[in-house]
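**Student:** Sharing a structure here in structure tokens format.
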Amino acid sequence: MSNRFDVVIVGAGPAGSSAAFYLAHAGVKVLLLDKADFPRDKTCGDGLVPRALPILAEMGVVDAVTSRGCKLDHLQVSAPSGRSVHFDIPRLPHAPNHALVIPRLELDNLLLQRAIESGVDFRGGVHVRALQTESDGVTVYANESYRAALVIVATGANTALLSSIGMNPPKPNIVAARAYFEGIEALPPYFQFRFDGVVLPGYGWVFPLSASSANIGAGFIRTGKREHHQSAQTAFNSFIHSPVLKSMLGGATQVGSLRSFPIRTDFASAPTFTERTLLVGEAAGLVNPLTGDGIDFALESGKIAAEHVLHMLRLGDISRSQLQAYDTILRQRYQNLFRFSQRVSHMALNRRALDWLVPLAAARPKLPEALVNILLGAKPAPEHLSFLRIVKGVAARL
Ligand SMILES: Cc1cc2nc3c(=O)[nH]c(=O)nc-3n(C[C@H](O)[C@H](O)[C@H](O)COP(=O)(O)OP(=O)(O)OC[C@H]3O[C@@H](n4cnc5c(N)ncnc54)[C@H](O)[C@@H]3O)c2cc1C
9 MSNRFDVVIV GAGPAGSSAA FYLAHAGVKV LLLDKADFPR DKTCGDGLVP RALPILAEMG
69 VVDAVTSRGC KLDHLQVSAP SGRSVHFDIP RLPHAPNHAL VIPRLELDNL LLQRAIESGV
129 DFRGGVHVRA LQTESDGVTV YANESYRAAL VIVATGANTA LLSSIGMNPP KPNIVAARAY
189 FEGIEALPPY FQFRFDGVVL PGYGWVFPLS ASSANIGAGF IRTGKREHHQ SAQTAFNSFI
249 HSPVLKSMLG GATQVGSLRS FPIRTDFASA PTFTERTLLV GEAAGLVNPL TGDGIDFALE
309 SGKIAAEHVL HMLRLGDISR SQLQAYDTIL RQRYQNLFRF SQRVSHMALN RRALDWLVPL
369 AAARPKLPEA LVNILLGAKP APEHLSFLRI VKGVAARL
């Protein structure tokens, strides 16, 4: 079997499978490697926001995902005080106005199988330890070595490979833990983002998978002060013992173990390329710093990288200026949104702000609507305007 490819992709999560699908679809010889054998689980809230759905449709898996997932069109946000605001998921220009919850064990396997059907050579159980760039290509070192013109790194929040090639990404700034529960008697049929009973700055979630089962979890942002005292597990335990969760989970059973994983949300300052190498998805820090959604950005950046690689291969130009152009495309698309989400996260994820904002949002529906439209990509994020000025502006006009 030849070990020479046009492109090697490391990591077969949503970012790697999406990049592999689009490249193979265009006739590129692609090798997709993952250290796990599939199907494999990925610790996640399993929520798919509407902006993830157009790519699933293009890949031809949206019907399979929708039929296996739980469709939701409404969400609730609860303040530390317990006060809540409810709203519908807004309509995006090219996406349905609903979201889905589907276990990653299933979603990632559907995406991978689709990539394989489109011609991708997938090899599981292959742990990539190093990459070496030469003037005419890259060598990928695992159990054996592979050679390509270019590599796409899609290794998620696991930064070991990036560190080994000197990219030194920052330590993931959020840690989160989740467990599955069954037999929940009064499970509301909508997304719940909860700030009552959680470690702040942080959040808890209840994402229904059916009428009586859910993915429940909690995460917190490492501020530097607290990280030596807190773990994702303790944040999770504090959340599920909060009064609302305790009552909701009264007759329920936890299925499987509690699992935790870090989250990287540092795209705004993260590197996205090095010689003959592009980074996609969470390897480029592409998880929203406020909401924690990253599957949508993983799918989108996989497609963007594939299109740019095709362009470079056609030109026969993998120079630094071409790699830099990929970074520019990502910045044009996401930089404002990530900076805005960071600002909101810094200002709003504390008890005082949340206890003020949630009742304000309940009384002024245009406020959460404006924020969710920006976060879900329906409206552009303001470049400079501070979050506080937006809140004051919306509140004054209503
Ligand atoms: C607790 C938690 C809850 C979350 N909830 C949500 C949510 O509800 N909705 C949402 O949109 N996002 C959520 N996220 C974020 C989301 O999980 C990630 O953004 C998403 O998985 C990123 O996709 P990816 O393809 O970039 O990386 P991943 O899905 O992490 O895939 C990376 C792949 O690379 C492989 N890999 C890593 N290193 C190597 C190596 N050296 N060699 C070979 N293979 C390697 C891994 O095995 C893995 O399969 C959550 C994250 C966490 C931790």
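In the working numbering, the protein residues as written are 9 to 406.
In this text, a Cβ means the ideal position worked out from N, Cα and C, and glycines have one as well.
Give me the DSSP bridge partner(s) of Asn223.
**Tutor:** Asn223 is bridged to Tyr188, Phe215.
**Student:** Which runs of the alpha helix (DSSP H), 4 residues or longer, sit entirely within the region 21-59?
**Tutor:** Complete alpha helix (DSSP H) runs here, min 4: 22-33.
**Student:** Smallest Cα separation from Ala387: which of Pro101, Cys52, Val93, Asp45?
**Tutor:** At residue 387 the sequence reads Lys, which differs from the Ala that was named. When each option's Cα is compared against that of Lys387, the closest is Pro101.
**Student:** Count the C-beta pairs between the region 202-210 and the region 308-321 that are closer than 8 Å, then say yes if the count reaches three, no if not.
**Tutor:** Not touching, per the Cβ criterion.
**Student:** How should Glu290 be labelled, buried or exposed, when 16 other C-beta atoms within 10 angstroms of its C-beta is the threshold for buried?
**Tutor:** So Glu290 counts as buried.
**Student:** Can you look up Pro178 in the DSSP assignment and give me helix, strand or coil?
**Tutor:** Coil at Pro178, not helix or strand.
**Student:** For Ala243, which option in Met256, Gly225, Leu64 has the closest C-alpha, if you only look at C-alpha atoms?
**Tutor:** Ranking Met256, Gly225, Leu64 by Cα distance to Ala243 puts Gly225 first.
**Student:** Which residues does DSSP pair with Asp81 in a beta bridge?
**Tutor:** None, per the DSSP bridge assignment.
**Student:** Once the 5 residues before and after Val214 are set aside, which same chain residues still bring their CB inside 6 Å of it?
**Tutor:** Answer for Val214: Gln200, Ala222, Ile224, listed in chain order.
**Student:** When the Cα atoms are used, what is the spatial distance from Arg230 to Ile182?
**Tutor:** Cα to Cα, Arg230 sits roughly 6 Å from Ile182.
**Student:** Within the present structure, is the beta-carbon of Arg2 separated from the nearest heavy atom of ligand 1 by less than 7 Å?
**Tutor:** This structure cannot settle anything about residue 2, because the visible part of the chain is limited to 9 through 406.
**Student:** Would Pro251 be called buried (16 or more neighbouring beta carbons within 10 Å of its own) or exposed?
**Tutor:** Under this definition Pro251 is an exposed residue.
**Student:** According to DSSP, simplified to helix, strand and coil, what is Tyr149?
**Tutor:** Strand.
**Student:** Any heavy atom of ligand 1 closer than 7 Å to the Cβ of Thr147?
**Tutor:** Thr147 Cβ: outside cutoff for every heavy atom of ligand 1.
**Student:** Sorry if obvious, but does the Cβ on Phe269 come closer than 7 Å to a heavy atom of ligand 1?
**Tutor:** Because some heavy atom of ligand 1 lies under 7 Å away, the Cβ of Phe269 counts as near it: yes.
**Student:** Quick check: the Cα distance between Pro279 and Thr261, rounded to an integer number of angstroms?
**Tutor:** When rounded, the distance between both Cα atoms is 42 Å.
**Student:** Check whether the Cβ of Tyr49 sits closer than 7 Å to any heavy atom of ligand 1, and report yes or no.
**Tutor:** The residue asked about is misnamed: residue 49 is Asp in this sequence, not Tyr. Not so, every heavy atom of ligand 1 lies at least 7 Å from the Cβ.
**Student:** Does the beta-carbon of Pro22, which I'm using as the reference point, lie nearer than 7 Å to any heavy atom of ligand 1?
**Tutor:** Checking every heavy atom of ligand 1 against the Cβ of Pro22, one is found closer than 7 Å.
**Student:** Just how far apart, CA to CA, sit Arg339 and Ala156?
**Tutor:** Straight-line Cα distance between these residues: approximately 26 Å.
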